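Below: the structure, in structure tokens.
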Amino acid sequence: MNNPTDGAAPAAKSRLHRLLPHPILTAALTVIWLLLANSVSAGQFLLGLLFGWAIPRFTLRFWPERVQARRPLVLLRFIGVVLYDILVANLAVAWLILRGPQRLRPGFVQLPLDLTSDLAISLLANTISLTPGTVSARLSPDRRTLLIHALDLTDSAALIAAIKSRYEAPLKQVFESC
Amino acid sequence: MLNTVVPLAFALVGLAALLTLWRLLIGPSRPDRILALDTLAVNAVALIVLFGIRQNSALYFEAALLIAMMGFVGTVALCKYLLRGDIIE
Amino acid sequence: MIELVVSVLILAGAVFTLIGALGLVRLRDFYTRLHGPTKATTLGVGSLLVASAVWFSTRGAGLSLHEVLVTLFLFITAPVSAHLLAKAALHQRLHSLAPEPESQPESAAQSEETDAG
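Protein chains in written order, with numbering that gives the first Met the number 0: chain A, 0 to 177; chain B, 0 to 88; chain C, 0 to 116.
Pasting the structure below:
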């Protein structure tokens, strides 16, 4: 929808695509290499770039689809929300554990999914596992529902609404707004 | 201040590792034991990081990273075994 | 000042790790036990690693962001192993305190609660 490079120069784009199949992966690998080497010297940066280029290039067949993330601001905001929720979730879970197991009301919830791409679904499942008292347990074979186990379930409809508005909507905007 | 906090943290994390070991021993189910083993690996990472702070040396991070990786790979392998071992594919 | 921040982070990390392990021992079915380690322990070790990063960065030998890598790794892998463990437990039909989900998922649209509390 709002992709400025669309239709600009298809030939040049496909050549660039062949040379650099996964730019996001390349950037991520370079950053990871720099963190691993624990230095930001020019030599390490070049070496990291080399690895970041070569590894996606030689493992091409394991990455059939190209990751496209739009709306970086939404993504940043999403990461902020998740980090905040992780903190709150930990305090909540710590309190629930200390308060005693007798008063927990654990339960399973079926979350109907709106997301369709593999990456977005796995990111959503991981986010759910990291945040308030919930663990994603099983994805149905048709990829339409995600089974969630909640540590202290009071209102499953509210839980589903919260997950949908806080995590699923931004992920859909970032990874599936074509 | 750090001289009193770090031994205290060692004690707390060590106690956590002992509790996890208890869960590993009593089970009762196989996923319980795998979960305990996974947690034990994470506790080991915590202990190594603390040890690094105490020894004032950054050399221990490779060990921490390796244990974190091995713990994860081991957990995944054991879970895959549980998921596939009972059913003929 | 920095020592104070590092000390608080270390203590918080150790306490969270302990609470995670406590959950692992105290809670009464596998699915609830799963919650302790995946959250408390991850944040516990996470704050220990942040403490270490702050500590070594302020020791004069330049920025030390090494620990961020381990933190990142733990935060990426913890939910994956939790998901796999939950899946394995469902597969083994472990006893659960919560009402068991039926093997075929109910139709995607309904999410209402049946018990009136």
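All C-beta atoms, glycine included, are put in the ideal place defined by N, C-alpha and C.
Given the structure is predicted, the values throughout are model-derived calculations rather than measurements.
If you compare the alpha carbons of A:70, A:94, A:138 with that of residue 102 (chain A), the shortest gap goes to A:94.
Between residue 132 (chain A) and residue 91 (chain A) the beta-carbon gap is near 6 Å, inside 8 Å, which marks them as a contact. Contact check for residue 15 (chain C) against residue 43 (chain C) passes: the beta carbons are separated by less than 8 Å. Under the Cβ criterion of 8 Å, residue 4 (chain C) is not counted among the residues facing chain A.
Distance check between residue 43 (chain A) and each of A:53, A:56, A:29, A:164 places A:29 closest, using alpha-carbon atoms only.
Cα atoms of residue 22 (chain A) and residue 47 (chain A): separation of roughly 13 Å, rounded to the nearest angstrom.
CA-CA distance, residue 3 (chain C) to residue 156 (chain A), rounds to 43 Å. For the segment 6-22 of chain C, the residues whose beta carbon sits under 7 Å from a beta carbon of chain A are, in order, 15, 18, 21, 22. Using a Cβ-Cβ cut-off of 8 Å, residue 39 (chain C) is close to 89, 92, 93, 96 of chain A, given in chain order. Residue 108 (chain A) carries a strand assignment under DSSP once its states are collapsed to helix, strand and coil. The C-beta of residue 54 (chain B) has fewer than 16 other C-beta atoms within 10 Å across all chains shown, which makes the residue exposed. With respect to chain C, the C-beta atom of residue 136 (chain A) has a partner C-beta closer than 8 Å.
Under the DSSP assignment, residue 81 (chain A) falls in the alpha helix (DSSP H) whose first and last residues are 71-98. For residue 51 (chain B), the neighbours in chain C by C-beta distance under 7 Å run, in chain order, 51. Across the set C:73, C:87, C:9, the C-alpha of C:87 shows the shortest separation from the C-alpha of residue 79 (chain B). Put simply, the CB of residue 63 (chain C) is near chain A, with a gap under 8 Å to one of its CB atoms. Counting only Cβ-Cβ distances below 9 Å, residue 31 (chain C) has no contacts in chain B at all, with the closest Cβ about 11 Å away.
With a 10 Å radius around the Cβ and a threshold of 16 neighbouring Cβ atoms, residue 79 (chain A) comes out exposed. Between residue 9 (chain C) and the set B:56, B:48, B:14, the nearest pair of CA atoms involves B:48. Residue 41 (chain B) sits buried, since 16 or more C-beta atoms from the chains shown fall within 10 Å of its C-beta. Taking a contact to require three or more Cβ pairs closer than 8 Å, the segment 9-21 of chain B and the segment 154-171 of chain A do not qualify as touching. Between residue 19 (chain C) and residue 39 (chain C) the beta-carbon gap is near 3 Å, inside 8 Å, which marks them as a contact.
Classified as buried, residue 151 (chain A) has 16 or more neighbouring CB atoms from the shown chains inside 10 Å of its CB. Residue contact check for residue 57 (chain C) against chain B: no CB pair falls below 8 Å.
Contact between residue 46 (chain C) and residue 85 (chain C) fails: their C-beta atoms lie close to 25 Å from each other, not under 8 Å.
In terms of beta-carbon proximity, residue 67 (chain C) lines the interface with chain A, with at least one pair separated by less than 8 Å.
Interface residue (Cβ-Cβ distance to chain B less than 8 Å): residue 90 (chain C) is classified as such. Counting the other Cβ atoms within 10 Å of the Cβ of residue 61 (chain B) gives fewer than 16, which makes it exposed.
Ranking C:26, C:33, C:48, C:95 by CA distance to the CA of residue 71 (chain C) puts C:48 first. DSSP assignment within the segment 16-47 of chain B yields no whole alpha helix (DSSP H) run of 4 residues or more. Around the beta carbon of residue 75 (chain A), fewer than 16 other beta carbons lie within 10 angstroms, which makes this residue exposed. Those residues of the segment 17-34 of chain A placed with their C-beta closer than 7 Å to a C-beta in chain C are 31, 34, ordered along the chain.
Counted as a single uninterrupted DSSP element, the beta strand (DSSP E) harbouring residue 134 (chain A) occupies residues 133-138. Per the Cβ contact rule, the segment 165-173 of chain A is in contact with the segment 105-122 of chain A (3 or more Cβ pairs under 8 Å). Rounded to whole angstroms, the gap between the alpha carbons of residue 6 (chain B) and residue 118 (chain A) is 43 Å. Between the C-alpha atoms of residue 76 (chain B) and residue 66 (chain B) there is a straight-line separation of about 15 Å.
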